[in-house]
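Down below is the structure, laid out as structure tokens.
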Amino acid sequence: MPTAIYTPRINNNDDTVRLSAVLVPIGSKVRNGDPIIDVETDKATFTVEANVDGYLLKVIGTTGDTIDVGSILAWIGASADETIIEAKGPGSVREDGAGGPTLKALLLLKAHGLKISDVPHAGRLTVADVERFVASRPAQKSSGGQVSTWTEPSARGRVEPFTLEQKGMGRTVSWHRDEAAAGYIELSYDPAPWESYAAEFQKSRSLMLSPLLSLMAWRLARVAAENARVNATVISNGTYLYEQVNLAFTVQAGSSLYAVVVRDAAAKNEEEFVTELGELQRAAMKHSLKPEQTTEATIGFTSMARWKVSRHIPILLPQTGLMVAHSATINGNAQLGASYDHRLLTGFDVVQVLQKIIKPLN
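Count along the sequence shown from 1, add 50, and you get the number used in this note's numbering.
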């Protein structure tokens, strides 16, 4: 049976919100906690996340529509073609009269890893309900110490809502901090063979820009296809091995940082990969990327050579096990590093990956 997602209350005095953006296509596979919809009022914007694993079946309304707080906002099903049965029709309000939790209550739930159904409450779920429930539980220790709760700063100021890019970065950083057991390794290498190979590739195809980074990223995709554990993540009961390599490549576009995704990257030849990645980079520079062009990454590649950075330690993208970091060549020396999830890979595993990438395929 499909699961309903209800429209949250953002501000105490607002009984409606506007549907500002649908972040994933209808029919897409989503995981519990994935961002799927943005709603807003005149004062704030809030990103609604999937509350179960499944497929986004339907969103009630279109961009710009006004939606009642507490009404059904979307449906998630166990399969992409599951039938939705709406007893009261689209947008029906919950019979329990809850009217949706307050925004602060939602943030507090997330901070403690709770769901709405975990907390006993009558009517609208409030911060007081969550705090009372948390206080009633036995004290729990974690490797990260006390759970940090959201509070307003005491100094005077104003709230500037997060942009979509900032929200995405926040989710990425949180996953890296809370989920992955992150490690980092780097190797020194001679960049001359790669530079020569890229120059010849560029000349033979009359390319305007050097394809060096694109070619190295393609090499990573091929290595990942050869080793299933490199192209994987950890779930609650084991290792999740992806069926194809979806390679994320970071693009800095002004003040925005994107991770564009070349899907099924290992199945493409060098020229196909370079061409597709170039198109994605141009779309990123125009800030015109589609949701499917920035989602479902299984592995990543990033570079800060453009800024003459000789070493950097990137964060892992959510549900990935490896992010390769390329740096600038300084005085003929170069380093290639990688952040990795130590639950999946050992340092030896990562060294083997880097050793394969530092030399082009001839």
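Glycine included, C-beta positions come from ideal geometry on N, C-alpha and C.
{"Query": "Cβ-Cβ distance between G371 and T283 below 7 Å", "Result": "yes"}
{"Query": "7 Å Cβ cutoff met for M373 and S360", "Result": "no"}
{"Query": "Cα-Cα separation, F212 to S353", "Result": "25 Å"}
{"Query": "Sub-7 Å separation of L106 and I86 beta-carbons", "Result": "yes"}
{"Query": "Boundaries of the beta strand (DSSP E) in which L106 is found, first to last residue", "Result": "104-109"}
{"Query": "Counted within 10 angstroms of its Cβ, other Cβ atoms place R332 as buried (16 or more) or exposed", "Result": "exposed"}
{"Query": "Within 7 Å, strictly: CB atoms of I349 and N287", "Result": "no"}
{"Query": "Option nearest D391 by Cα separation, candidates L237, D228, S70, T300", "Result": "D228"}
{"Query": "For S78 and L263, the rounded distance between their alpha carbons", "Result": "30 Å"}
{"Query": "Segment contact, 8 Å Cβ cut-off, at least three pairs: the segment 300-313 with the segment 375-389", "Result": "no"}
{"Query": "Classification of Q369 by the beta-carbon crowding that lies within 10 angstroms, buried from 16 upward", "Result": "buried"}
{"Query": "Per-residue DSSP class, three states only, for H226", "Result": "helix"}
{"Query": "Nearest neighbour of A231, chosen from A54, L395, M51 [CA to CA]", "Result": "L395"}
{"Query": "Buried or exposed (CB count within 10 angstroms, at least 16 for buried), D362", "Result": "For the sequence presented, residue 362 should be read as His rather than Asp. Burial call: buried."}
{"Query": "Euclidean distance between Cα positions of S192 and P261", "Result": "For S192, the pLDDT reaches just 42, beneath the cut-off of 50, and the residue's location in the model is therefore unreliable, although a value from the coordinates is still provided. Each residue's alpha carbon lies about 45 Å from the other."}
{"Query": "Check whether I407 and R279 have beta carbons under 7 Å apart", "Result": "no"}
{"Query": "Three-state class that DSSP yields for T352 in the structure shown", "Result": "strand"}
{"Query": "Under 7 Å between C-beta atoms of A334 and V301", "Result": "yes"}
{"Query": "Distance, T112 Cα to S121 Cα", "Result": "15 Å"}
{"Query": "Burial state of H376, where buried means 16 or more other Cβ atoms lie within 10 Å", "Result": "buried"}
{"Query": "Euclidean distance between Cα positions of V209 and D103", "Result": "32 Å"}
{"Query": "Cα-Cα separation between A130 and L164, rounded to whole angstroms", "Result": "27 Å"}
{"Query": "Buried versus exposed call for V223 [16 or more other C-beta atoms within 10 Å across all chains shown]", "Result": "exposed"}
{"Query": "Run of the alpha helix (DSSP H) containing F96, from where it starts to where it stops", "Result": "Taken as a continuous stretch (DSSP letters only), F96 belongs to no alpha helix (DSSP H), being part of the beta strand (DSSP E) at 95-99."}
{"Query": "Test item: CB-CB of L411 and L237 under 7 Å", "Result": "no"}
{"Query": "Residue burial classification, K318 (beta-carbon count within 10 angstroms, cutoff 16)", "Result": "buried"}
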